[in-house]
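Trainee:
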Amino acid sequence: MPELPEVETSRRGIEPHLAGRRIARITVRQPQLRWPVPVAALQQLQGETLGPVERRAKYLKLHYAGGYILVHLGMSGSLRVIAAAEPWKTHDHIELQLDNGKALRYHDPRRFGCWLLQAAGGEHPLLDGLGPEPLQADFDGDYLYRLSRGKKQAVKSWIMDNHVVVGVGNIYAAESLFLAGIHPKRAAGRISLARYRQLADAIRQVLAAAITQGGTTLRDFTNSDGAPGYFQQTLNVYGRSGQPCRHCQTPVQAIKLGQRSTFYCSQCQK
């Protein structure tokens, strides 16, 4: 599933091609995604001029004067900016054709993404209750410490809750906890302020590095230009069960936590 860095990579890839362009036509070939696509309402956007492309959590907001199109890539979705004349591929479902002969095309084999609409002046209900963005100023170790008091949940599962902080998926949670030296099963409420400050810094560091390097290459994801990301090559613990820790040479451990594979170093993380 595309994580926050992959979605941010997509945002940065498509925004220069969309902002300031007029919508010439919207074509929907498959309206049955995770939620039904509002086909008629989308097609009424013909002639609208697109503004900035914003990311909130793992959603993209394609702004125009009357509101925004809310896009989620689901488990296997991707966006490409192509020539509008390019033949459609199997699993290409939606195309937003621009006034310069280019098009934004949405590809999603599993059809678990979404294309929805939100009028100006409000926020879509899917965005209600989300926690802060991990790369913005309102997210820090003090915030995590305050929110965690009394929490018995394992810290890895807790920081993956989008109501706590958005976009810290399985890979990035494991890598951040390794950098902060925190065991993934430690209760969230039993971690000190100093260690939460280290963890917040580690989360920002890991996500920023992943964004810079183009996101983690997953089976169903490529960047908007078709090139895979490279962050996977520098992972410290995720997916490295039995391999030596890059810091102390102890074999990396793998366990199940919240039905997800979790990787950690038993010597470096306490």
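In terms of the working numbering, the sequence shown has 75 at position 72, counting the first letter as 1, and numbering is strictly consecutive. Just so you know, even glycine gets a beta-carbon here, dropped at the ideal spot from N, CA and C.
#1: Roughly how many whole angstroms lie between the Cα atoms of Leu-238 and Ala-60?
#2: Name the DSSP bridge partner or partners of Lys-64?
#3: Pick helix, strand or coil for Thr-52, following the three-state DSSP scheme.
#4: Roughly how many angstroms lie between the CA atoms of Gly-16 and Arg-198, to the nearest whole one?
#5: If you scan the segment 164 to 224 from start to end, which runs of the alpha helix (DSSP H) of 4 or more residues do you find wholly inside it?
#6: With three or more C-beta pairs closer than 8 Å as the rule, is the segment 106 to 126 touching the segment 30 to 38?
#7: With Tyr-146 as the anchor, note down where its beta strand (DSSP E) starts and where it stops.
#8: Is the beta carbon of Gly-153 sitting closer than 7 Å to the one on Gly-217?
#9: Can we say the segment 141 to 148 touches the segment 240 to 247, given the rule of at least three CB pairs closer than 8 Å?
#10: Locate the alpha helix (DSSP H) running through Gln-46, then write down its first and last residues.
#11: Is the separation between the beta-carbon of Ala-190 and that of Lys-155 shorter than 7 Å?
Mentor: With the structure as the only source:
#1: Here residue 238 refers to the residue found at position 235 of the sequence shown. Here residue 60 refers to the residue found at position 57 of the sequence shown. Computed Cα separation, rounded: 22 Å.
#2: Sequence index remark: in the sequence shown, residue 64 carries index 61 (1-based). According to DSSP, which records beta bridges pairwise, Lys-64 is partnered with Glu-57 and Leu-73.
#3: Here residue 52 refers to the residue found at position 49 when the sequence shown is read from its first residue. Reduced to three states, the DSSP call for Thr-52 is strand.
#4: Counting from one through the sequence shown, the residue named residue 16 turns up at place 13. Counting from one through the sequence shown, the residue named residue 198 turns up at place 195. Answer to the nearest angstrom: the Cα atoms are 35 Å apart.
#5: 173 to 183 and 196 to 215
#6: yes
#7: As a first step, residue 146 is located in the sequence shown; it is residue number 143 there, counting from the start. Counting along the chain, Tyr-146 falls outside any beta strand (DSSP E), though it belongs to the alpha helix (DSSP H) covering 144 to 151.
#8: The sequence position of residue 153 within the sequence shown is 150, counting from 1. The sequence position of residue 217 within the sequence shown is 214, counting from 1. Their beta carbons are not under 7 Å apart, which means Gly-153 does not touch Gly-217 by this criterion.
#9: Note that the segment 141 to 148 does not touch the segment 240 to 247; fewer than 3 beta-carbon pairs, one per stretch, sit closer than 8 Å.
#10: As a working note, residue 46 is residue 43 in the sequence shown. Segment 42 to 46, the alpha helix (DSSP H) holding Gln-46.
#11: As a first step, residue 190 is located in the sequence shown; it is residue number 187 there, counting from the start. As a first step, residue 155 is located in the sequence shown; it is residue number 152 there, counting from the start. Yes, they are a contact pair.
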